[in-house]
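Engineer:
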Amino acid sequence: LLSSLKYFLVSILILLLYFSYTTIIQPYFMRRRYKRYPNVALSPNFIPVLGEIKICMDNMSQGRFIFEHYEKAALEKGKDLMLIFSGDLPQFLLFSVKAHDEFLKLFPKKLDRNDYFRDTILKISSGSMDQMRTTSLQKKIKKELMSSLGLNTLSKKIPEIIQILQQHLASWQTKDFEDISDNLSSLTFDIISHSIFGECYTKIPDCRYINESGTVETLKFGKCFRKVLSD
């Protein structure tokens with residue numbers, strides 16, 4: 005019994021040390037390292053574990069734009085990029101053309117795909133273009149996607165986009181709601197999906213969504229997708 009308790013306590017200690025290193029020590033020294041560079045902006049406060057979440061929530065509670073501190077940093081003179089943390093995950097926001105060009109030089113030899121799978125969007129898009137190595141197929145998919153979202157292509161779809169908007173507005177007039185965020189998300193999803201896939205996106209079959217209570221409901225793909233992202 006004492007031996008088992010000893011191993012249990014040692015395991016807990018190791019986990020605590022690892023947690024402290026990844027959420028406090030490592031982010032602290034990384035911020036300290038990049039603080040020396042005048043062209044790198046940092047978040048106003050270092051918040052272990054939460055990262056940017058606390059700052060974003062404070063912005064919202066005070067009636068400001070959720071990413072206001074990013075905007076302020078981008079407007080600072082001489083700032084090329086910004087170091088932020090999503091929890092314990094370091095990320096860089098690129099502010100200048102110079103930073104963007106330097107970043108692109110890393111592909112595909114040093115950086116080739118996103119292999120961070122803790123984010124919901126990456127879990128539900130396993131095997132997508134974002135996670136594919138640079139191959140002829142990946143380049144073809146990327147070219148087609150970028151082409152479909154280009155200004156020249158989208159400008160030709162303005163009448164269809166207006167029609168989608170009118171359909172949503174008509175359905176909103178028959179509803180009583182206080183928070184329109186879900187309705188706006190649905191509108192945005194439909195416009196983007198139509199821009200990429202055309203009318204084919206309406207033929208995507210409905211999905212089975214398991215609620216937190218364990219009940220199952222059938223939802224349109226777009227609504228199911230948005231609910232999974234917010235889970």
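Everything in the sequence shown is counted per my numbering, starting at 5 for the first residue and increasing by one.
Every residue, glycine too, gets a C-beta built ideally from N, C-alpha and C.
Would the stretch 75 to 83 and the stretch 109 to 116 be scored as touching if the rule is three or more Cβ pairs under 8 Å?
Structural biologist: Output reads no: the stretch 109 to 116 does not touch the stretch 75 to 83.
Engineer: Which residues mark the beginning and the end of the beta strand (DSSP E) in which Leu97 is found?
Structural biologist: Its beta strand (DSSP E) spans residues 93 to 98.
Engineer: Quick one: what does DSSP say Ser90 is sitting in, helix, strand or coil?
Structural biologist: Correct three-state label for Ser90: strand.
Engineer: Quick check on DSSP: helix, strand or coil for Ile51?
Structural biologist: In the structure shown, Ile51 sits in coil (DSSP, three-state: anything other than H, G, I, E or B).
Engineer: Using beta-carbon positions only, say whether Ile184 and Ser152 come within less than 8 Å of one another.
Structural biologist: It is not a contact, given that the beta carbons lie outside the stated cut-off.
Engineer: Rounding to the nearest angstrom, what Cα-Cα distance links Thr236 and Arg212 in this structure?
Structural biologist: The structure shown does not extend to residue 236, since the chain is modelled only from 5 to 235, so the question has no answer here.
Engineer: What does the alpha-carbon distance come out to for the pair His198 and Tyr205?
Structural biologist: Distance between the alpha carbons of His198 and Tyr205: 6 Å.
Engineer: Please classify Glu56 as buried or exposed, where buried requires at least 16 other C-beta atoms within 10 Å of its C-beta.
Structural biologist: By the 10 Å Cβ count, Glu56 comes out buried.
Engineer: Pop quiz: Lys231 and Asp210 are said to be a contact at Cβ under 8 Å. What is the actual Cβ separation, rounded to whole angstroms?
Structural biologist: About 13 Å separates the two Cβ atoms, so there is no contact after all.
Engineer: Going by DSSP, what residues sit across from Tyr213 in a beta bridge?
Structural biologist: Paired residues: Glu221.
Engineer: Check whether the Cβ of Asp62 lies closer than 8 Å to any Cβ atom in chain D.
Structural biologist: Protein chains in the displayed structure number just one, and chain D is not present.
Engineer: Using three-state DSSP, classify Leu191 as helix, strand or coil.
Structural biologist: Three-state DSSP puts Leu191 in a helix.
Engineer: Helix or strand or just coil, what does DSSP make of Leu115?
Structural biologist: Looking at Leu115 - three-state DSSP - the assignment turns out to be coil, as it is neither helix nor strand.
Engineer: If we count the other Cβ atoms within 10 Å of its Cβ and call it buried at 16 or more, is Leu141 buried or exposed?
Structural biologist: Classification of Leu141: exposed, given that the 10 Å Cβ count is below 16.
Engineer: How big is the Cα-Cα spacing for Ile162 and Ile195?
Structural biologist: Going by the C-alpha atoms only, they are around 10 Å apart.
Engineer: So which of Lys83, Ile18, Phe89 has the shortest CA-CA distance to Phe99?
Structural biologist: Here the closest residue by C-alpha is Lys83.
Engineer: Do Met86 and Phe71 have their beta-carbon atoms positioned less than 8 Å apart in this structure?
Structural biologist: Contact: no.
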